[in-house]
Structures are given as structure tokens and as C-alpha cells.
Amino acid sequence: MKKKIVFIMNPISGTSSKAAIPSLIESTLNKELFEYEIRMTERAGHASEIATEAKNNHVDIVVAVGGDGTINEVARSIVHSDTALGIIPCGSGNGLARHLLIPMNLKKSIEIINHCEIHDLDYGVINEYPFFCTCGMGFDAFVSMKFAESGKRGPISYAENILREGLKYQPETYTLEDETGTKQYKAFLISCANASQYGNNAYIAPQASMSDGLMDVIIMEPFDVLEAPQVSFDMFNKTLDKNSKIKSFRCKKLHITRSQPGVIHYDGDPVMSGTEIDVHLEEKGIKMIVNPHADKNARKPNAIQTAFTEFFNDLNAMRDDFNKQSKKVEALSKLVQRKLNI
1 MKKKIVFIMN
11 PISGTSSKAA
21 IPSLIESTLN
31 KELFEYEIRM
41 TERAGHASEI
51 ATEAKNNHVD
61 IVVAVGGDGT
71 INEVARSIVH
81 SDTALGIIPC
91 GSGNGLARHL
101 LIPMNLKKSI
111 EIINHCEIHD
121 LDYGVINEYP
131 FFCTCGMGFD
141 AFVSMKFAES
151 GKRGPISYAE
161 NILREGLKYQ
171 PETYTLEDET
181 GTKQYKAFLI
191 SCANASQYGN
201 NAYIAPQASM
211 SDGLMDVIIM
221 EPFDVLEAPQ
231 VSFDMFNKTL
241 DKNSKIKSFR
251 CKKLHITRSQ
261 PGVIHYDGDP
271 VMSGTEIDVH
281 LEEKGIKMIV
291 NPHADKNARK
301 PNAIQTAFTE
311 FFNDLNAMRD
321 DFNKQSKKVE
331 ALSKLVQRKL
341 NI
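Per UniProt numbering, the very first residue in the sequence shown carries number 1; after that it's consecutive.
Right, here's the structure in full:
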């Protein structure tokens with residue numbers, strides 16, 4: 001018996017036209033294995049409605065054709081069901097597809113669906129909002145809000161927001177409670193990662209896995225303008241976990257307290273939240289089509305990338321040591337001046 005597929009397409013997500021996708025599906029999809037229909041979304045939330053209808057009709061696979069926002073809408077409607085999620089990446093960031101090593105080439109991504117290799121994978125929930133890549137608070141949530149307000153899409157617009165807002169953003173103090181105890185951090189951002197990246201190959205949690213039953217919690221401590229280039233380099237170099245400004249741990253549940261309400265994000269969608277934030281992982285809660293030919297080493301930094309990061313960390317350590325020594329010399333000088341009444 002043929003498997004049933006519903007393709008759910010967001011016509012406005014991402015940066016490119018999707019006019020050619022229906023004919024590409026028709027020519028590439030293995031119709032000996034599948035029968036399909038294509039549904040276009042017409043409004044916010046429509047993708048969830050279509051996916052829920054498909055699940056209730058026992059459709060085998062729903063394929064999100066769009067970016068991480070469309071994928072989130074579709075995926076959250078089919079969790080804990082027998083309906084699997086497929087992805088044709090057409091967004092501006094494509095974080096989940098990139099983590100799963102699904103090709104950005106549309107034809108090749110449809111060929112992945114033909115293989116139909118389905119795995120049970122994890123997803124997360126922040127204050128009742130499901131996420132499949134990352135959620136967080138602090139600067140990344142703030143930028144997500146500015147990005148949504150600007151109405152512009154694509155990596156250039158995202159970079160513009162980061163550069164414009166980054167230097168004036170004030171870090172906050174957070175109290176984090178997990179299964180092992182309570183910790184307090186002053187942080188530029190806190191990210192809870194089910195997958196490894198935000199999108200556009202910006203790896204916030206390069207070691208994150210969607211099948212380990214744990215989320216990676218990333219605390220980015222405040223940094224100055226001289227340290228910013230290394231933080232950016234490490235994020236795109238898959239070596240952020242080795243940066244001296246990063247603290248990380250893994251857990252299943254996390255309670256976060258902050259001093260005032262503010263914005264949080266789930267898969268890049270911003271929403272206002274109070275001072276108390278709960279995040280937890282749902283283990284093996286969603287079925288997804290994965291790339292059976294994926295080279296998982298592609299997510300890891302190579303020796304040259306690691307060497308560059310270690311070099312920059314050594315430079316920063318030397319700079320920190322120099323600054324500490326300078327402060328000691330300055331303090332000693334002031335003490336001598338007071339003793340001599342200079």
C-alpha cells in the first residue's frame with residue numbers, strides 16, 4: 001500500500017520563489033511508494049490546522065515546505081503520533097534541516113523523502129511552546145523580536161540586527177535550577193538547544209543531539225568589543241563550546257528565574273514571558289524523516305578550525321592575564337603614593 005503524504009507549503013517563508021516546487025515534487029517523488037497532495041498556507045496558524053487534519057486522517061507523512069517557523073507549526077501538531085515529519089528547506093535560516101544534514105538543494109531534499117528513513121527524535125518545550133531546534137532568552141530572543149519587527153528576511157538582515165543592537169544590549173542575571181542544583185549567571189544570552197544551530201550554520205551548540213534525551217544549555221557570558229569577533233568566528237566554526245565565554249551543561253528539565261519580564265524565543269519566534277521560565281525535553285516525541293547518507297562528521301570542526309580557536313583562546317587568556325597584572329601594578333602604585341603622601 002502506498003504511503004500518504006501531505007506537503008504543507010508556506011508561499012512567503014524564506015527569500016526565494018516557490019513557484020517551481022509543485023512540478024519538482026511531481027517529477028522527483030517516487031509515486032510507486034507515495035500518493036500525495038500539496039496544501040498552501042493562507043494565514044498564521046494554518047499550517048498547524050492542516051497538519052492536525054492530516055494526523056487525524058492517519059496520513060503517514062506531512063512535509064513542511066518552508067523555514068523553521070513553518071516547520072515548528074507543522075511539527076508541534078504531530079508530536080506523539082504515528083505521522084512523521086519531512087522537510088523541504090525553503091526558509092532564510094533552515095536550522096533544523098541543516099542540523100539533520102538535509103540538502104538545501106530542493107530536488108535532493110525530495111530524494112531524501114523517497115528513502116523514507118524515519119527516526120524517533122527529541123523535542124523541547126519552553127513555557128508550553130514546543131521547539132525543535134533551540135529556544136532561549138537574552139540577546140538572541142531580543143534579536144528575534146527586532147527581526148520580526150523589521151519584516152525583513154535573510155542572513156543579511158539578521159546580521160544587521162546583531163551589529164546594530166549588540167553593542168548596546170545589557171546582560172541580565174539569571175538563576176538556573178536543574179536536576180543537579182541551582183546556579184546563577186550573568187549572561188548575554190541563555191540558549192536551550194535540542195539541535196546544534198540557529199540556522200545559516202550558526203552553531204550555538206555544536207555537540208547537541210536530537211536523540212540523546214538531553215538538551216544542551218548554553219550560557220554566553222558578557223564579552224567586550226575585542227572579544228566579539230572570536231565569539232562570532234567560533235559560532236560559525238563549530239567551536240563555540242571551546243570559547244572561554246561559554247559555559248554549558250546538559251539536562252532534561254530547567255527552571256529559570258530572571259529579575260524582570262521580557263522576550264523569549266522558540267525556534268526563532270519571539271514571545272513575551274514573565275520572570276519564571278520552564279524548559280523541558282520530550283524524549284523521542286516526534287517521528288522525522290532523516291538523511292540516511294548524512295556524514296555526521298560534517299557537524300564537527302576539523303583540526304584547522306580547532307587550532308584557530310585554541311590560538312584565539314590563548315590570546316584572550318594572555319590579554320586577561322595582562323589586564324589583571326596591570327590592575328595589580330596600578331593598585332600597588334596607588335598604595336605607594338598614599339604611603340608617601342604623594
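All residues carry an ideal CB built from backbone N, CA and C; glycine is no exception.
Note that the structure is a prediction, hence the values are computed from the model and not measured.
- DSSP, read as helix, strand or coil, puts D68 in helix.
- If you draw a straight line from the Cα of V65 to the Cα of P89, it comes to about 6 Å.
- Taking the Cα positions, A141 is about 7 Å away from G268.
- Bounds of the alpha helix (DSSP H) holding L24 are I21 to T28.
- In its chain, beyond the 5 residues on either side, V6, F7, I8, M9 and I50 have a beta carbon closer than 8 Å to the beta carbon of R39.
- Beta-bridge analysis with DSSP links Y174 to Y185 and R258.
- For D178, same chain residues with a beta-carbon under 7 Å away, outside a window of 5 residues either side, are C251, K253 and L254 in chain order.
- Within its own chain, the residues whose Cβ lies closer than 7 Å to the Cβ of I277, once the five positions on either side in sequence are excluded, are I126, N127, M137, I256 and I264, listed in chain order.
- Straight-line spacing of the CA atoms in V79 and N200 works out to 25 Å.
- Secondary structure of V143 (DSSP, three-state): helix.
- The Cβ atoms of D120 and K284 lie closer than 9 Å to each other.
- When DSSP assignments are scanned along the stretch 69-108, the uninterrupted stretches of beta strand (DSSP E) that are 3 or more residues long and fall wholly within it turn out to be 84-89.
- Following the DSSP letters along the chain, one finds P229 in no beta strand (DSSP E) but inside the alpha helix (DSSP H) bounded by residues A228 to F236.
- The stretch 231-242 makes no contact with the stretch 96-107; the number of CB pairs closer than 8 Å stays below 3.
- In this structure, D241 is the residue among Q170, F223 and D241 with its C-alpha nearest to the C-alpha of V217.
- By the Cβ-count criterion, T41 is buried, with 16 or more other Cβ atoms from all chains shown falling within 10 Å of its own Cβ.
- Around the Cβ of T175, a 10 Å sphere holds fewer than 16 other Cβ atoms; the residue is exposed.
- DSSP, reduced to helix, strand and coil, places H115 within a helical segment of the structure shown.
- A208 and S144 have their alpha carbons spaced roughly 21 Å apart.
- 9 Å or more divides the Cβ of M210 from the Cβ of A84.
- Listed in chain order, the non-local C-beta contacts of Y185 below 6 Å within the same chain comprise Y174 and I219, local neighbours out to five positions each way being set aside.
- Linking S27 to E111 through their CA atoms gives a straight-line distance of about 11 Å.
- Sorting F188, T180 and H293 by C-alpha distance to the C-alpha of P171 places F188 at the top.
- T70 is the residue among N114, T70 and D82 whose C-alpha sits nearest the C-alpha of A97.
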